[in-house]
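S.K.:
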Amino acid sequence: MLIFLFLVFAPLAASAARYLWLGDGRQNWQTADRWRGIFAIHTWIVVKEKDAPTYTRYDYTAWGEPIRTNGFAPDGRWFGAVPDIIVAVDGERAEALIPKIRDVVENYRFRSYGDYSVWPGPNSNTFVQAALDSVPELQVVLPPTAIGKDFPSTGKWFGVTASGTGIYASLAGYVGFSIGWVEGLEINFFGAVLGFDIRRPALKLPGLGRFGVRPSL
Numbered sequence: 004m005l006i007f008l009f010l011v012f013a014p015l016a017a018s019a020a021r022y023l024w025l026g027d028g029r030q031n032w033q034t035a036d037r038w039r040g041i042f043a044i045h046t047w048i049v050v051k052e053k054d055a056p057t058y059t060r061y062d063y064t065a066w067g068e069p070i071r072t073n074g075f076a077p078d079g080r081w082f083g084a085v086p087d088i089i090v091a092v093d094g095e096r097a098e099a100l101i102p103k104i105r106d107v108v109e110n111y112r113f114r115s116y117g118d119y120s121v122w123p124g125p126n127s128n129t130f131v132q133a134a135l136d137s138v139p140e141l142q143v144v145l146p147p148t149a150i151g152k153d154f155p156s157t158g159k160w161f162g163v164t165a166s167g168t169g170i171y172a173s174l175a176g177y178v179g180f181s182i183g184w185v186e187g188l189e190i191n192f193f194g195a196v197l198g199f200d201i202r203r204p205a206l207k208l209p210g211l212g213r214f215g216v217r218p219s220l
């Protein structure tokens, strides 16, 4: 148990120290272009239909209308953090998947005012994970720093993982685990995710993220 707690809290402490050392923690959030979290990231969805003139961006936020459409630039910084693409598809494959993603956006169960909850969810990462759940063919996993991704948006506390290659169990997003060929092994301890990936060898640490082979886009 002591080893487990060390593996959870030591990376979080290291993430906080890195944040302060780099000076990000001393910035005024009112003048920053976007907030950069100490322990977690914010994820969003961008789509562009065939022949569409512009991209459409979807965010799930704690202020204003929960699901924001084009509230920010498609590739805009999030309070200072340069966006990192987790997965990207184009061509005929994207054309087939976009309707599934739009269906999630239009029918998301936590779309009312007051539904958003920073921790354990539903938050921005819960929203994106729900979209990924609708397109298992992507075979993608959100980073361990995407706190809220393990909140059971469907209401099911156990079942098959989004990729269809494993199983998961979650106690309302507070604690849980998932294990699968795509997901690897992940233990969720009050939002902090600890685990490892065998398919693309990597260690997953709370606050710090993934260390190892980078998943292909």
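Note that the sequence shown covers residues 4 to 220 in the numbering used here.
For each residue, glycine too, the CB sits at the ideal point set by N, CA and C.
These figures come from a predicted structure and were not determined experimentally.
Would you report the Cα separation of residue 116 and residue 67, rounded to the nearest angstrom?
M.R.: Taking the straight line from one Cα to the other gives about 8 Å.
S.K.: Which residues in the same chain have their Cβ closer than 6 Å to the Cβ of residue 200, if we skip the five residues on either side of it in sequence?
M.R.: Closer than 6 Å at the Cβ level, and outside the excluded window around residue 200, lie 187.
S.K.: Suppose contacts are defined by Cβ-Cβ distances below 8 Å. Is residue 48 in contact with residue 58 by that definition?
M.R.: Against a cut-off of 8 Å, the Cβ pair of residue 58 and residue 48 comes out as no contact.
S.K.: Quick check: the stretch 147-158 against the stretch 118-134, are at least 3 beta-carbon pairs closer than 8 Å?
M.R.: The answer is yes - the stretch 147-158 touches the stretch 118-134, with three or more Cβ pairs under 8 Å.
S.K.: Using the three-state DSSP reduction, which class does residue 201 fall into: helix, strand or coil?
M.R.: Residue 201: coil per DSSP, three-state reduction.
S.K.: Output the distance between the C-alpha atoms of residue 192 and residue 176, rounded to the nearest integer angstrom.
M.R.: Spanning the two alpha carbons is a distance of roughly 9 Å.
S.K.: Alpha carbon to alpha carbon, how far is residue 166 from residue 203? Give it in angstroms, no decimals.
M.R.: If you take the alpha carbons of residue 203 and residue 166, they lie about 15 Å apart.
S.K.: Compute every distance between the C-beta of residue 47 and the non-hydrogen atoms of the ligand ZN, then say whether any falls below 7 Å.
M.R.: Absent from the structure shown: the ligand ZN. Ligands present: none.
S.K.: Which of helix, strand or coil does DSSP assign to residue 104?
M.R.: Reduced to three states, the DSSP call for residue 104 is helix.
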